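Engineer: Taken in order, the sequence shown gives residues 1 to 157; the numbers are from the UniProt record's numbering.
All residues carry an ideal CB built from backbone N, CA and C; glycine is no exception.
Please read all numbers here as calculations on a predicted model, not as lab measurements.
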Amino acid sequence: MDTPAKEQKAITPTVPEIESWGRRAEQELTVEAPPTDASELAPARRMPDTDLPAGDALTTAPVSVPAKSQLEKEIEDVLAEDLEGLYWELSEPERMIFKHGGEETASKIRLLLGETVVRVQEIFNLIVEWLKLLPGVSKFFIEQEAKIKTDKLLKFR
1 MDTPAKEQKA
11 ITPTVPEIES
21 WGRRAEQELT
31 VEAPPTDASE
41 LAPARRMPDT
51 DLPAGDALTT
61 APVSVPAKSQ
71 LEKEIEDVLA
81 EDLEGLYWEL
91 SEPERMIFKH
101 GGEETASKIR
111 LLLGETVVRV
121 QEIFNLIVEW
131 LKLLPGVSKF
141 FIEQEAKIKT
151 DKLLKFR
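(1) Hey, quick one: how far does the alpha helix (DSSP H) through Pro-93 stretch, first residue to last?
(2) Please return the same chain residues whose Cβ sits closer than 8 Å to the Cβ of Lys-132, not counting the five positions on each side in sequence.
(3) Taking DSSP as the reference, what is the three-state secondary structure of Thr-116?
(4) Could you pull the start and end residues of the alpha helix (DSSP H) that Gly-85 belongs to?
(5) Under the rule that 16 or more other beta-carbon atoms within 10 Å means buried, what is Phe-156, buried or exposed?
(6) So for Leu-133, helix, strand or coil by DSSP?
(7) Count the other CB atoms within 10 Å of the CB of Trp-88; is the residue buried (16 or more) or exposed (fewer)?
(8) Cβ atoms of Glu-103 and Ile-127: under 9 Å apart, would you say?
(9) Is the beta carbon of Val-78 closer than 9 Å to that of Leu-134?
(10) If you follow the alpha helix (DSSP H) that Lys-149 is in, where does it begin and where does it stop?
(11) For the candidate residues Lys-147, Ser-69, Glu-76 and Phe-140, whose alpha-carbon lies nearest to that of His-100?
(12) Once the 5 residues before and after Leu-90 are set aside, which same chain residues still bring their CB inside 8 Å of it?
(13) Measuring straight from C-alpha to C-alpha, what distance separates Ile-148 and Arg-95?
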């Protein structure tokens, strides 16, 4: 297991240095190359687990969510109208997916409403795609609700 010590490579680039008289002088700079072999690396230091408090700050810290604008809250309210009964019939995972999809849809609609030319068809399509997350709802209901919600959202313009 006796292995010869590896030579460390030294890189010696020249860096121009400006002297006070305005002349340039060449100065050598020696930089050692980082070790390439894993055995040359120092082992990482680890703190003992007993020093950590019972509630680890990394796992219990709340995730900061950017604050929603007033317009985005109003958009979410319009999207949620008349869907409370259907929402509570969903299972917990389906509710989370539907809620997250609604929040994404609201933020996209907010951006579309802020544009100079409002693309009504795109807003309608976003709402239709979001409502398709509801299982067992007819296509006609989805299109009717999307039309109603699109008309209400255009009033925010």
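Structural biologist: Let's see:
(1) 92-113
(2) Ile-142
(3) Thr-116 falls in the coil class under three-state DSSP.
(4) 84-89
(5) With fewer than 16 other Cβ atoms within 10 Å, it is exposed.
(6) Coil.
(7) Looking at its Cβ environment, which holds fewer than 16 other Cβ atoms inside 10 Å, Trp-88 is exposed.
(8) no
(9) A distance of 9 Å or more separates the beta carbons of Leu-134 and Val-78.
(10) 139-154
(11) Glu-76
(12) The answer, listed in chain order, is Phe-98, Leu-134 and Pro-135.
(13) 22 Å
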